[in-house]
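**Q**
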Amino acid sequence: MTETSAPLSTAQPPLVKEKLSRDDWIMRSCMVVIGLFLCVFILLPLYTMLSKSVENKDEAFIGLANYIEYFSTPALFWSAGNSLTIAILSTVIVLFVAFIYGYALTRTCMPFKWFFKVVALIPLLTPSLLGGISLVYWFGNQGVAKGLLFGETIYGPIGITIGSSYWVFPHALMIVITALSITDARLYEAAIALRTSQVRTFFTVTLPGCKYGLISAGFVVFTLVFTDFGVPKVIGGNYNMLATDVYKQVIGQQNFQMGAVVSVVLLVPAIIAFSVDRIVQKKQVALLSARAVPYEPKPHRVRDMSMLVFCLIVAAMILCMLGMAQYASLVKFWPYNLTLGFSNYDFDVMDGGGWDAFWNSLYMALYTAVIGTAVIFFGAYLMEKGRGFGTGRSIFHMLAMLPLAVPGLVLGLSYIFFFNNPANPFNFLYGTLGILVIVSITHFYTVSHLTAVTALKQMDPEFESVSASLKAPFYKTFARVTVPVCTPAILDVSMYLFLNAMTTVSAVIFLYSSDTTLASVAVMNMDDAGDIAPAAAMAMMIAYTCAAARILHAGLTRGLLKHSQAWRNR
Amino acid sequence: MKKHLFAKLSLGLGAAAVAGLALASAANAATELTVYTAVEAEDLKKYAKAFNDVHPDIEIKWVRDSTGIVTAKLLAEKNNPVADVVWGLAATSLMLLKEEGMTEAYAPQGVEKLDKKFVDSANPPHWTGMDAWIASVCYNTVEAGKKNLPLPTSWQDLTKPVYKGSVVMPNPNSSGTGFLDVSSWLQLFGEEGGWQFMDGLHQNIAWYTHSGSKPCKQAASGETPIGISFAFRGAKSKNDGAPLTIVVPSEGVGWDMEATSIIKGTKNLEAAKKLVDFTITKGANMMYNSGYAVVAYPGVAKPVKNFPEGITEAMIDNNFEWAASNRKRILAEWQSRYDSKSEAK
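From first to last, the protein sequence lines are chains S and X. Counting in this note's numbering, the first sequence runs from 63 upward without gaps. Counting in this note's numbering, the second sequence runs from 414 upward without gaps.
1. Evaluate the contact criterion for the stretch 608–620 of chain X versus the stretch 571–579 of chain X: three or more CB pairs, one atom per stretch, below 8 Å.
2. On the DSSP letters alone, give me the boundaries of the alpha helix (DSSP H) that residue 277 of chain S sits inside.
3. Apart from the five residues just before and just after residue 568 of chain S, which ones in its own chain have a Cβ nearer than 6 Å to its Cβ?
4. Could you check whether residue 337 of chain S and residue 599 of chain S sit closer than 7 Å to each other, using their CB atoms as the reference points?
5. How far does the beta strand (DSSP E) with residue 541 of chain X in it reach, from first residue to last?
6. With DSSP as the reference, label residue 217 of chain S as helix, strand or coil.
7. Return the CA-CA distance between residue 425 of chain S and residue 559 of chain S, expressed in angstroms with no decimal places.
8. Any residues in the stretch 616–640 of chain X with a beta carbon nearer than 7 Å to a beta carbon of chain S? Which ones, in chain order?
9. By Cβ distance, which residues of its chain are closer than 6 Å to residue 242 of chain S, with the 5 residues on each side in sequence left out?
10. With a Cβ-Cβ cutoff of 7 Å, do residue 461 of chain S and residue 202 of chain S count as a contact?
11. What three-state label does DSSP hand residue 543 of chain S in the structure shown?
12. Nearest by alpha-carbon distance to residue 715 of chain X: which of X:484, X:723, X:706, X:722 is it?
13. By Cβ distance below 8 Å, which residues in the same chain neighbour residue 718 of chain X in space, the five residues on each side in sequence not counted?
14. Assign residue 493 of chain S to one of two classes, buried (16 or more other C-beta atoms within 10 Å of its C-beta) or exposed (fewer than that).
15. Kindly confirm or deny that the stretch 401–418 of chain S and the stretch 580–598 of chain S touch, where touching means at least three C-beta pairs closer than 8 Å.
16. Short check: CB of residue 503 of chain X to CB of residue 447 of chain X, under 7 Å?
17. Determine which residues share a DSSP beta bridge with residue 475 of chain X and list them.
18. Taking residue 477 of chain X as the query, report the chain S residues whose CB atoms sit under 8 Å from its CB, ordered along the chain.
19. Would you identify the three-state DSSP class for residue 567 of chain S, choosing helix, strand or coil?
20. For residue 592 of chain S, decide whether its Cβ has a neighbour in chain X, counting only Cβ atoms nearer than 7 Å.
21. Is it buried or exposed for residue 744 of chain X, if we count other Cβ within 10 angstroms and need 16 for buried?
22. What residue range is occupied by the uninterrupted alpha helix (DSSP H) comprising residue 394 of chain S?
23. Go ahead and pull the three-state DSSP assignment for residue 617 of chain X.
24. Of all the beta strand (DSSP E) runs that stay within the bounds of the stretch 652–734 of chain X, which reach a length of 3 or more residues?
25. Any residues in the stretch 125–158 of chain S with a beta carbon nearer than 7 Å to a beta carbon of chain X? Which ones, in chain order?
26. Buried or exposed: which applies to residue 422 of chain S, given that a residue is buried once 16 or more other Cβ atoms fall within 10 Å of its Cβ?
27. Within a Cβ cutoff of 6 Å, which residues of the same chain sit near residue 303 of chain S, ignoring the five residues on either side of it in sequence?
28. On the CB-based measure, 16 or more other CB atoms within 10 Å of its CB, does residue 565 of chain X come out buried or exposed?
29. Given a limit of 7 Å on CB to CB distance, which residues of the stretch 204–220 of chain S reach chain X?
30. Just to confirm, are residue 708 of chain X and residue 544 of chain X a CB contact at a threshold of 7 Å?
31. Can you check which of these residues, S:536, S:317, S:622, is closest to residue 546 of chain S by C-alpha distance?
32. Could you confirm whether any beta carbon from chain S is found closer than 7 Å to the beta carbon of residue 596 of chain X?
33. Whose C-alpha, out of S:566, S:111, S:174, S:183, is nearest the C-alpha of residue 379 of chain S?
34. Which residues mark the beginning and the end of the alpha helix (DSSP H) in which residue 401 of chain S is found?
35. Is the CB of residue 445 of chain X under 7 Å away from at least one CB in chain S?
36. Check the C-beta distance from residue 634 of chain S over to residue 498 of chain S and give it rounded, since I have them as a contact under 8 Å.
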């Protein structure tokens, strides 16, 4: 590209049109390259999957026959209803709890807020399977608290709902907290001046203010639960759900076409939720004006104490989930020999991939964090700071938003179809750690991209114009100004990628090979083979690794804010 | 000069990234055999080590999963096979592959020494057996005591209402053990009687599992009082200290062989033959004996600790050919009858 651009810039066209500098060309071609990356690793696989769903086993086009077969198989059709029930139920529960919890953290003077903040984020550090495993130990047939279920079984809708609520809780909470933090204290002052009752203020000021945040959180929770497969796999018993159906069709019976059909069915609600959420987000914008005054909660004994009790209960539940997994993984032979030891951590003599799986996961997560952050941040930079080329930039933005709407299981399955084809030039990636890194990057692209864009938007565009007028090439500005200034955001992105790559099951379940088993997959496979205690042990190893990464991240960010980011505090 | 620097730099970076990603795929020196297996994971390292003591130049790359999944995988890859050898898969599955024309006929050195039952009747044979694994019922004395469940002595006992919700069995679609159970019931009770029996059993099943060892492991940990599994797994769990009684149902028990075969079209035929030669040696059979009471090489088998007595006499006269050729039909029928318990509620 640079070769062709050189003569262009010296040709001096007579038209009075803004001349494209060499920088512009490089930036555009880089953006095109990353855009192509997204096309190849998201759009094309999805397209292949769609076309598989209308083919028979011999790859001949058969129209909608597979779909007709699907909707006329009652067992499969029932699963859709089950998935919908569980997703709606979990969404209601999680929204309710997350709203009160978030309210307590932002709008009250409850003590120990920092503690509750840390505890609420714990589920992010564990694979979704961990909740299911802990529930078996709490409420399974040998569970310590089995009596609390009054004879109902945990294997089924009850277990799936509790397990799902556990792991999606922090996702909802983070959105709710953001929504509750954005408010204008003047509204409350006005309410007090008008002697509006507290209840009325809550329903006329507080709720409408965070309406969009709640809707957004609702859609996120719904999509996550609807498409998750870890929890129902472990605790679902014979309660079939769409996500486990995909797995059964593909892994159990190698019926890829039917797997593709179920995936498309899985994709539809996810895309609807995504689109509605996008529309809602656009409406959010004008809420906070420049003259808004931040809300400072005032102490209120009864309210603060009742909130404390509520948060204590929620935090205790989260800690019980984690604590039980830790305890059970140390028990020699549940429930008959409760002596403690590390025999369940001897992964090498068990199904699932052994300690290699753990190291694979660690490498995979590190590569994902490093390569992913570099690609995503650079891409966001090119999109945000590039000049002109509006169409290209908005197409790029749409490509970057797309992964959020695609469930991991669906993305993983479409990767098989696309990359396992010997005619595909990228076929060499199949079965390697590389494809796992790529699927992790693309699956978690959107949130990282948005984080990077937000950080870049905070930077004055004059940096670019100044450096351009000084004839400094854009990559120098990028390396010397943009990256250092945005380091906190860059660290956030890499942390997000690392945690998710460590804990994801759904995106990688179809793509690992015997050399590249991952820790999260090992958890699932060990549970499948009946080795539930070692599965808990491996899940805890993931949790500790993620916690260590989190602590490292917190330390780095703090050190940075002290030293290189001192300019932020005036 | 300088203006090319960036282009070169980005090129170099790109190349490095591609190379890094490709690194994982291209790291092998000696002959590498891709071996599909359903053998328990804890035994695989031992098997590979024993083989490498004889042939250090051949490296085994294991692909392990449940019987049903390995079978489905092999069938799915029919036009583009990945496996070189299958070492340790149900004989009924290998017979199915033979019918599909996917196996290579080869008489390994010393095959005449094996028990005839363990060798394919074709000449040269398409598969050779290793050992037999035999269905059994794992009964947890502690949990059954709490629930007042009598010790079942026959398959028909398990359909009694007293066991409602207390029995776990493997799903035959994914588990080889599950399939040998189903095919043995159909042979013992006849086609109609067999499905009738399973209808009754289905009423008592708490859940179906993905793997064949899980029901016994869950029985061992009391998660279920009764698990339909296989004798070897029961003996192992009992040796670990689980309060189990391993029941051999009086009607007779289904069984299947673990067997070995070369996949037709392998690019490493010589190495594959060496591996198959090894799998039928006396030494290899002694190795199988550590977990399986019945092995292919006569006179090798020593008793396995806690293995149920009288089980070899209870083994049914299994019609493998029938089981293999009806496998697909049986599994489809089973799935349509029992695969969604939630629906039945």
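Cβ atoms here follow ideal geometry from the backbone N, Cα and C, with glycine treated the same way.
**A** Once the coordinates are examined:
1. Segment contact: the stretch 608–620 of chain X against the stretch 571–579 of chain X, three or more CB-CB distances shorter than 8 Å; contact assigned.
2. Taken as a continuous stretch (DSSP letters only), the alpha helix (DSSP H) holding residue 277 of chain S covers 273–289.
3. Taken in chain order, the residues that qualify are 291, 470, 471.
4. The Cβ-Cβ distance between residue 599 of chain S and residue 337 of chain S does not fall below 7 Å.
5. Unbroken beta strand (DSSP E) run through residue 541 of chain X: 541–553.
6. Residue state for residue 217 of chain S is assigned as coil, using DSSP reduced to three classes.
7. Using only the alpha carbons, I get a separation of about 13 Å.
8. Correct list: 620, 621, 623, 624, 626, 627, 630, 631, 634, 635, 636, 637.
9. Taken in chain order, the residues that qualify are 164, 168, 272.
10. Between residue 461 of chain S and residue 202 of chain S, the CB-CB gap reaches or exceeds 7 Å.
11. In this structure, residue 543 of chain S counts as helix in the three-state DSSP scheme.
12. Ranked by how close their Cα comes to the Cα of residue 715 of chain X, the residues X:484, X:723, X:706, X:722 have X:706 in first place.
13. Cβ within range, chain order: 648, 652.
14. With 16 or more other Cβ atoms inside 10 Å of its own Cβ, residue 493 of chain S counts as buried.
15. By the Cβ criterion, the stretch 401–418 of chain S is in contact with the stretch 580–598 of chain S, since at least three pairs of Cβ atoms, one from each stretch, lie closer than 8 Å.
16. No; because the gap between Cβ atoms is not below 7 Å, this pair is not in contact.
17. Per DSSP, X:448.
18. Residues of chain S passing the Cβ test: 413, 576.
19. Residue state, collapsed to three classes: coil.
20. Yes, residue 592 of chain S counts as interfacial toward chain X.
21. Here residue 744 of chain X is buried. Its C-beta has 16 or more other C-beta atoms within 10 Å.
22. No alpha helix (DSSP H) contains residue 394 of chain S, which is instead part of the beta strand (DSSP E) from 393–395.
23. Per DSSP, reduced to three states, the secondary structure at residue 617 of chain X is helical.
24. Runs found: 657–660, 668–676.
25. Residues of the stretch 125–158 of chain S whose Cβ lies closer than 7 Å to any Cβ of chain X, in chain order: 136, 137, 140, 144.
26. Buried, because 16 or more other Cβ atoms sit within 10 Å of the Cβ of residue 422 of chain S.
27. In the same chain as residue 303 of chain S, and ignoring 5 residues on each side of it, the C-beta atoms closer than 6 Å to its own belong to 141, 144, 145, 294, in chain order.
28. Its Cβ being crowded by 16 or more others within 10 Å, residue 565 of chain X is buried.
29. Answer in chain order: 204, 217.
30. Less than 7 Å divides the Cβ of residue 708 of chain X from the Cβ of residue 544 of chain X.
31. Each of S:536, S:317, S:622 was checked against the Cα of residue 546 of chain S, and the nearest Cα belongs to S:622.
32. Chain S has no Cβ within less than 7 Å of the Cβ of residue 596 of chain X.
33. The candidate whose alpha carbon is nearest that of residue 379 of chain S is S:183.
34. It is not in any alpha helix (DSSP H) - residue 401 of chain S instead sits in the beta strand (DSSP E) that spans 399–402.
35. Residue 445 of chain X does not count as touching chain S.
36. Nothing can be reported for residue 634 of chain S, as the shown portion of chain S is limited to 63 through 632.
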